[in-house]
Amino acid sequence: MSAQKGRSEDRSYTDWMSQLPPELHNNPLHNLTIPGSHDSMSYDLDLSSAIIEPDGLKKLSKMYCVRKILYKWARTQEESILKQLNAGVRYFDLRIARKDNDPDPNRLYFYHGLLTQTDVETILRVMNDWAERHPKEILILSFSHFKGFVKRYEDQLHCHLINFIKTLFGAKLCKRYPFPTLKSCWENGTNVIISYDYPANMHQEIWGKIPYYYGNSMDITKVETKLCCVLERDRPYQCLFVCGLNLTLPEDHKILKYIFFRMWDNLAKVIERSLPRLLHWVSQQGAKTPMNIVASDVVTQDGFVATVVQLNTQKHVKA
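Position one of the sequence shown corresponds to residue 43 (the numbering used here), numbered consecutively onward.
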């Protein structure tokens with residue numbers, strides 16, 4: 043990892059897409075290797091928020107000590123969206139929720155265990171401003187896991203958010219067809235892809251769900267094995283897809299047992315210790331089987347963005 047760390051210190055990845063060699067400019071975006079962040083907004087969690095997930099802990103929301111423990115284990119990103127963008131991250135996992143009893147019926151937040159402090163519209167404006175300053179960098183924003191959308195007002199909330207997205211990003215939005223390349227995006231002045239996991243096919247500018255593959259385990263070996271199976275046997279073709287390096291806590295009561303015996307620890311530290319091995323696996327596997335989006339927690343750690351981006355030139359990607 044020392045070599046990877048040195049490379050990340052020596053080179054800025056703020057505009058890495060525009061610096062790719064010309065022979066990659068006509069490749070469809072699903073044939074590029076793109077660094078992404080998992081639970082991208084988890085750096086901004088609100089300790090005073092009610093517990094949004096897991097369901098088994100919701101009834102303990104009023105207990106500060108429970109929220110504090112959850113906060114430690116749900117905060118998987120350390121840096122802001124702006125710093126992630128500047129570090130070279132181009133895919134963002136954005137999970138959306140509505141706060142109970144919010145006086146503004148259309149105000150939405152992000153979440154991972156707890157709600158964020160900052161609302162969705164504020165963060166999207168930051169991303170839009172960055173996209174305007176970096177027109178050759180393609181951002182992929184994945185909206186999913188909608189929580190607190192009361193059935194009666196569900197369609198209204200989705201309609202409001204989609205309309206806000208379309209109005210904010212405007213002409214920068216990439217259409218689904220024909221499938222974009224770097225060159226076509228640059229020529230058309232588009233550099234934002236919106237993936238929305240809710241029926242929105244009436245909008246040409248709104249893409250459907252991007253498949254996200256992950257190991258669903260805290261065991262690194264299981265994560266690597268699951269992703270190997272996807273890449274070697276079940277890899278999607280002609281579409282964007284994500285390989286998630288993220289480790290995943292149990293979703294049932296076992297989460298309490300896992301955390302109880304690691305009171306001195308937190309998920310970010312666990313991932314930091316695991317990342318060197320995972321990045322070594324990415325380098326080896328990426329040389330054998332093409333990857334597309336590679337997502338991780340603690341994405342601004344030295345080595346992650348450099349390792350993923352360099353796969354683009356390590357081996358010519360075939361269409």
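All residues carry an ideal CB built from backbone N, CA and C; glycine is no exception.
Since the structure is predicted, the reported quantities are computational estimates derived from the model, not experimental observations.
Option in 334, 89, 109, 144 with minimal Cα separation from residue 98:
To locate residue 98, count along the sequence shown from 1; it is residue 56. Nearest of 334, 89, 109, 144 to residue 98, Cα basis: 109.
Once you ignore the five residues that flank residue 79 on each side, which residues in its own chain have a CB closer than 8 Å to its CB?
Residue numbering aside, residue 79 sits at position 37 when the sequence shown is read from its first letter. Once the five neighbours on either side are set aside, the close Cβ partners of residue 79 are 119, 126, 131, 133, 134, 135, 337, 338, 339, 341.
Using the Cα positions of residue 236 and residue 106, report the straight-line distance between them to the nearest angstrom.
As a working mapping, residue 236 is identified with position 194 in the sequence shown. As a working mapping, residue 106 is identified with position 64 in the sequence shown. Cα-Cα distance, rounded: 36 Å.
Hey, out of 92, 54, 139, whose CA is closest to residue 83's CA?
Here residue 83 refers to the residue found at position 41 of the sequence shown. The option with the nearest alpha carbon to residue 83 is 139.
Start and end of the beta strand (DSSP E) containing residue 187?
For the purposes of this step, residue 187 is taken as residue 145 along the sequence shown, with counting starting at 1. 181-189 is the extent of the beta strand (DSSP E) around residue 187.
Look up residue 319 in the DSSP assignment and say whether it is helix, strand or coil.
Within the sequence shown, the letter at position 277 stands for residue 319. Helix at residue 319.
Between the beta-carbon of residue 164 and the beta-carbon of residue 86, is there less than 8 Å?
Here residue 164 refers to the residue found at position 122 of the sequence shown. Here residue 86 refers to the residue found at position 44 of the sequence shown. No.
Taking buried to mean at least 16 other C-beta atoms within 10 Å of its own C-beta, is residue 333 buried or exposed?
Indexing the sequence shown from 1 puts residue 333 at position 291. Here residue 333 is buried. Its C-beta has 16 or more other C-beta atoms within 10 Å.
Roughly how many whole angstroms lie between the Cα atoms of residue 117 and residue 309?
Position 75 of the sequence shown, counting from 1, holds the residue named residue 117. Position 267 of the sequence shown, counting from 1, holds the residue named residue 309. Whole-angstrom Cα-Cα distance: 7 Å.
Cβ atoms of residue 192 and residue 124: under 8 Å apart, would you say?
Sequence index remark: in the sequence shown, residue 124 carries index 82 (1-based). Sequence index remark: in the sequence shown, residue 192 carries index 150 (1-based). No, the pair does not count as a contact, with Cβ atoms beyond the cut-off.
What residue range does the alpha helix (DSSP H) around residue 284 cover?
By 1-based counting over the sequence shown, the position of residue 284 is 242. It is not in any alpha helix (DSSP H) - residue 284 instead sits in the beta strand (DSSP E) that spans 284-286.
Enumerate in chain order the residues of its own chain whose CB-to-CB distance from residue 188 is below 6 Å, with the five nearest sequence positions on each side excluded.
Locating residue 188 in the sequence shown gives position 146, where the first residue counts as 1. 138, listed in sequence order.
Between which residues of its own chain and residue 146 is the CB-CB distance below 6 Å, once the five residues before and five after are set aside?
The residue given as residue 146 occupies position 104 in the sequence shown. Residues of the same chain with a CB within less than 6 Å of the CB of residue 146, apart from the 5 flanking positions on each side, do not exist.
Helix, strand or coil at residue 149 [DSSP, three-state]:
Residue 149 sits at position 107 when you count from the first residue of the sequence shown. Note: residue 149 maps to coil in three-state DSSP.
So, under 8 Å CB-CB, residue 128 and residue 173 are touching, yes? Tell me the CB distance rounded to an integer number of Å.
For the purposes of this step, residue 128 is taken as residue 86 along the sequence shown, with counting starting at 1. For the purposes of this step, residue 173 is taken as residue 131 along the sequence shown, with counting starting at 1. Actually they do not touch by this definition, with Cβ atoms about 13 Å apart.
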